[in-house]
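The structure under discussion appears below in the form of structure tokens.
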Amino acid sequence: QVQLVESGGGLVQAGGSLRLSCTASGSIFNPNVMGWYRQAPGKERELVATTASVGTTTNYADSVKGRFFISRDRARNTVYLQMNSLKPEDTAIYYCSLRQISGAYWGQGTQVTVSS
């Protein structure tokens, strides 16, 4: 089993910044991919950014490129999402994810609200 615990969401004005954190625990294997997805009201869950446990591979949604940055502390099994220049359309529940040979796992989600 894998547990993912997120933190760092909240309310911020447009143009502001937030940093999300997610720590994984349990039976974690390498290689794996950790990342962030988000789901806005009435919309499907979408990828925000991912990073692999091996190498430097990262992947970003076009809508966040240049504004959001994902990083990873491999020793702590923790992934971070630095979100800058936030826009109202970034408002969503942000979910941490981990994918590895045993399956895909999700955190409980953290709310990010950007006011205009």
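Position one of the sequence shown corresponds to residue 143 (the numbering used here), numbered consecutively onward.
Every residue gets a Cβ at the ideal spot worked out from N, C-alpha and C, and that includes glycine.
Since this is a predicted model, take the numbers as computed values, not measurements.
Between which two residues does the beta strand (DSSP E) holding Asn201 run?
That run of the beta strand (DSSP E) goes Thr200 to Tyr202.
| Segments of 4+ residues assigned as alpha helix (DSSP H) that fall wholly inside the region 172 to 198 | For the region 172 to 198, not a single whole alpha helix (DSSP H) run of length 4 or above is found.
Review point. Below 8 Å between beta carbons: does that hold for Thr166 and Glu188?
Key: A small fix is needed here, since residue 166 is Ala in this sequence, not Thr. Not a contact, by the Cβ cut-off of 8 Å.
Exercise. Across which residues does DSSP place Gly152 in a beta bridge pair?
Worked result: Per DSSP, Val254.
Q.
If the criterion is Cβ atoms closer than 8 Å, does the pair Ile212 and Trp178 meet it?
A. The answer is yes: Cβ separation under 8 Å.
Check: Roughly how many whole angstroms lie between the Cα atoms of Glu231 and Gly251?
Finding: For Glu231 and Gly251, the distance between alpha carbons rounds to 17 Å.
* To do: Would you decide whether Ser239 is buried or exposed? Buried here means 16 or more other CB atoms lie within 10 Å of its CB.
  => Classified as buried, Ser239 has 16 or more neighbouring CB atoms from the shown chains inside 10 Å of its CB.
Which class does Arg209 belong to by DSSP, given the choice of helix, strand or coil? Reduced to three states, the DSSP call for Arg209 is coil.
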